[in-house]
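Chains as they are written, first to last, in the numbering used here: chain A, 9 to 299; chain B, 195 to 472.
Note that the Cβ used here is the ideal one computed from N, Cα and C, for glycine as well.
All figures in this text were calculated on a predicted structure; none of them were measured in a lab.
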């Protein structure tokens, strides 16, 4: 009794509710998933242990390979386009005084919108009868005559554009916070040396915001793998799997076909990937990289 | 901080670039707002312009056809329920981690860090099966528990980072008066830490209001669905009635925009809190 009321135990009682709810919602089903990925269960009937059969099957699965490829493309797009636009805008913003706050709020606002709303906006923007395509063709330019969401060649990029539109303002705000922490005397010294604006950006701003910059790289690499909402809402992975990613493939395997074992195998691979990325960044940090 | 003194010509090009991107960010939203008050006949002839005839009735029609009195209540129940459970549990845990620092609590911190990075797809199907067994499918409580669990690590980290900075003297006087640990939490920690509870509440509330994947999976009963998934169904049901669909989207975004106007600093600080700590 005394032990149960000791200071240490009381402190743990405070942690219990949060721990219990997280164990129930995240940890328990995750462990179940780790176990189920070694079975051929379909949600009903007997559960048979089949070893790594699901994984062998995955590596033969044409759609799975496409999905992996699309996730890689997705990651590369997000590591380049939104980051370079956001760095440019954040750097330009630190140089102006008038309207700075307004620009920041305008950039950031799309990040607050629900995925379903962003998708609806852009579905209309690219609608063949109403959107920019129709407007261009009324001017004699037939650049976007069909919605890019419905074309095999462009569906993935069009969806990435919508998600990027929603996301990049977040990066601007993150970078500008970092840029305001840079010591002004560094810029003054550079001014005396006669450095150009680009040199100042390259040799002062970028190195000084490196921890934040690396952090944004890491979250983009991690977030690009479970990306789901925009693709599911806009294209459902189609047409002809041209925008299928791991998360949508897993979702249809899980909830349309009820291949519990198979979809658990995909989920497990995604989890392993995230753990590897987080460990790489952790190890680099331990090795003394300033990240 | 002023990075550089710009010449006038440079300032003009800076403003031009920034304005271009500001328009890219905001024009699509403006178009949505215009469409929400556009009569259906105008979508054929005046698809991208300002409506010549403003039709506020779009909102009324969408509200009635979508049964939104019920649907918005569902979303509100989910947000309120999650805020109560998640903030209470996370506040308790954060207080313990920041002030009581029990033996072994660093393991719990590492557990939360791993927990925050597990992709939802890893556990959504087993969770679905568990919720079926527990009869929590299609219930608000079931979804509230899920949202509370999903957001607990973030909320705990954010509240903890605030409570760590509180000076010990604040608690000393109450301890001398014989307050027990729970009283320290309720009477001292919570009242002083209200700013962080507000920030956390705004971020978690926004996440729940906008959430799609779990709402799609765990709430299949039409009458209990939140606005995010109703809008998804609405879009295919009234595919070409852009006025109705846009009015619905504006109604879903309006509370977010209003809250953002009042609490922009808190929203931005909360949503970028992971990054600024590096």
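Test: residue 257(B) CB closer than 8 Å to a CB of chain A:
Not one chain A Cβ lies under 8 Å of residue 257(B).
Residue closest to residue 101(A), alpha-carbon to alpha-carbon, out of 255(A), 62(A), 179(A):
For residue 101(A), the closest of 255(A), 62(A), 179(A) by C-alpha to C-alpha distance is 179(A).
Measuring CA to CA, which of 81(A), 80(A), 48(A) is closest to residue 65(A)?
The candidate whose alpha carbon is nearest that of residue 65(A) is 48(A).
Per DSSP, what kind of secondary structure is residue 47(A) in: helix, strand or coil?
In this structure, DSSP gives residue 47(A) an extended state, which the three-state scheme calls strand.
Answer with yes or no whether the minimum CB distance from residue 244(B) to chain A is below 8 Å.
Closer than 8 Å: no.
Put residue 21(A) into one of helix, strand or coil per three-state DSSP.
Three-state DSSP puts residue 21(A) in a helix.
Residue 177(A), buried or exposed, once every other Cβ within 10 Å from all chains shown has been counted against 16
Classification of residue 177(A): buried, given that the 10 Å Cβ count is 16 or more.
Length-filtered (4 minimum) alpha helix (DSSP H) runs lying within the segment 55-141 of chain A:
Whole alpha helix (DSSP H) segments, 4+ residues: 61-68, 70-102, 108-120, 123-133.
Touch test, the segment 274-288 of chain A against the segment 311-324 of chain B, Cβ-Cβ under 8 Å, three pairs minimum:
Judged by Cβ distances under 8 Å, the segment 274-288 of chain A makes contact with the segment 311-324 of chain B, as three or more pairs qualify.
Measuring straight from C-alpha to C-alpha, what distance separates residue 471(B) and residue 464(B)?
In this prediction, residue 471(B) scores a pLDDT of 49, lower than 50, which makes its location untrustworthy; the coordinate-derived value is nonetheless stated afterwards. For residue 471(B) and residue 464(B), the distance between alpha carbons rounds to 11 Å.
Strictly below 8 Å CB to CB, what residues from chain B border residue 115(A)?
For residue 115(A), the neighbours in chain B by C-beta distance under 8 Å run, in chain order, 215, 216, 219.
Less than 8 Å between the beta carbons of residue 234(A) and residue 315(B), yes or no?
Yes; because the gap between Cβ atoms is below 8 Å, this pair is in contact.
Pull up the distance between the alpha-carbon of residue 195(B) and that of residue 96(A), whole angstroms please.
Its pLDDT being 49, under 50, residue 195(B) is placed unreliably in this model, and the value from its coordinates should be taken loosely. Straight across, the Cα-Cα distance linking residue 195(B) with residue 96(A) is about 17 Å.
Separation of residue 73(A) from residue 208(B), as counted between CA atoms
Their backbone Cα atoms lie some 43 Å apart in a straight line.
Any C-beta of chain A under 8 Å from that of residue 208(B)
Yes, contact with chain A.
Helix, strand or coil at residue 151(A) according to DSSP, with G and I counted as helix
In the structure shown, residue 151(A) sits in coil (DSSP, three-state: anything other than H, G, I, E or B).
In the segment 213-289 of chain A, which residue ranges form an unbroken alpha helix (DSSP H) of at least 4 residues, counting only runs that do not cross its ends?
Fully enclosed alpha helix (DSSP H) runs of no fewer than 4 residues occupy 218-231, 237-242, 254-263 of the segment 213-289 of chain A, in order along the chain.
Quick one: does residue 68(A) have its CB under 8 Å from some CB of chain B?
Chain B contact via Cβ: absent.
What did DSSP end up calling residue 299(B) once you bin it into helix, strand or coil?
In the structure shown, residue 299(B) sits in a helix (DSSP, three-state: H, G or I).
Would a check of beta-carbon distances place residue 30(A) closer than 8 Å to chain B?
Yes, its Cβ sits closer than 8 Å to a Cβ of chain B.
Could one say the Cβ of residue 111(A) lies closer than 8 Å to chain B's Cβ atoms, at least one of them?
So yes, residue 111(A) belongs to the interface.
Beta carbons nearer than 9 Å to chain B: which residues of the segment 87-104 of chain A have them?
The residues in question are 93, 96, 97, 99, 100, 101, 102, 103, 104.
For residue 330(B), which of helix, strand or coil comes out of DSSP?
Residue 330(B) sits in coil when the DSSP states are folded into three classes, being neither helix nor strand.
The segment 325-345 of chain B in contact with the segment 285-294 of chain A per 3-pair CB rule at 8 Å
Because the criterion of three Cβ pairs below 8 Å is not met, the segment 325-345 of chain B and the segment 285-294 of chain A do not touch.
Find out if the Cβ-Cβ distance for the pair residue 138(A), residue 253(A) is shorter than 8 Å.
No, these two residues do not count as a Cβ contact at 8 Å.
Member of 98(A), 202(A), 226(A) whose CA lies at the smallest distance from the CA of residue 84(A):
Ranking 98(A), 202(A), 226(A) by Cα distance to residue 84(A) puts 226(A) first.
Along chain B, in chain order, which residues have C-beta atoms closer than 8 Å to that of residue 143(A)?
Neighbours of residue 143(A) on chain B, chain order: 241, 242.
What do you get for residue 60(A), buried or exposed, if any count of 16 or more other CB atoms within 10 angstroms of its CB means buried?
By the neighbour-count definition (other C-beta atoms within 10 Å, threshold 16), residue 60(A) is an exposed residue.
As assigned by DSSP and simplified to three states, the class of residue 260(B)
If DSSP states are grouped into helix, strand and coil, residue 260(B) belongs with coil.
Does residue 347(B) have its Cβ less than 8 Å from a Cβ in chain A?
Answer yes: the Cβ-Cβ gap between residue 347(B) and chain A drops below 8 Å somewhere.
Between the Cα of residue 98(A) and the Cα atoms of 213(A), 120(A), 71(A), 118(A), which residue gives the shortest distance?
Checked all of 213(A), 120(A), 71(A), 118(A); the closest Cα to residue 98(A) is 213(A).
Identify each residue in the segment 380-394 of chain B for which the Cβ-Cβ distance to at least one residue of chain A is less than 8 Å, and report them in chain order.
Within the segment 380-394 of chain B, no residue qualifies.
Would you call residue 403(B) buried or exposed, if buried means 16 or more other Cβ atoms sit within 10 Å of its Cβ?
Buried, since its Cβ has 16 or more Cβ neighbours within 10 Å.
Under 8 Å by Cβ, that's how I've got residue 437(B) and residue 229(B) pegged, so tell me the actual separation to the nearest angstrom.
Indeed they touch by this definition, with Cβ atoms about 7 Å apart.
Could you pull the start and end residues of the alpha helix (DSSP H) that residue 240(B) belongs to?
Per DSSP, residue 240(B) lies in no alpha helix (DSSP H) and is assigned neither H nor E.
Would you mind listing the alpha helix (DSSP H) stretches within the segment 319-402 of chain B that are 4+ residues and don't spill past its ends, in chain order?
List check, alpha helix (DSSP H) in window: 334-357, 363-370.
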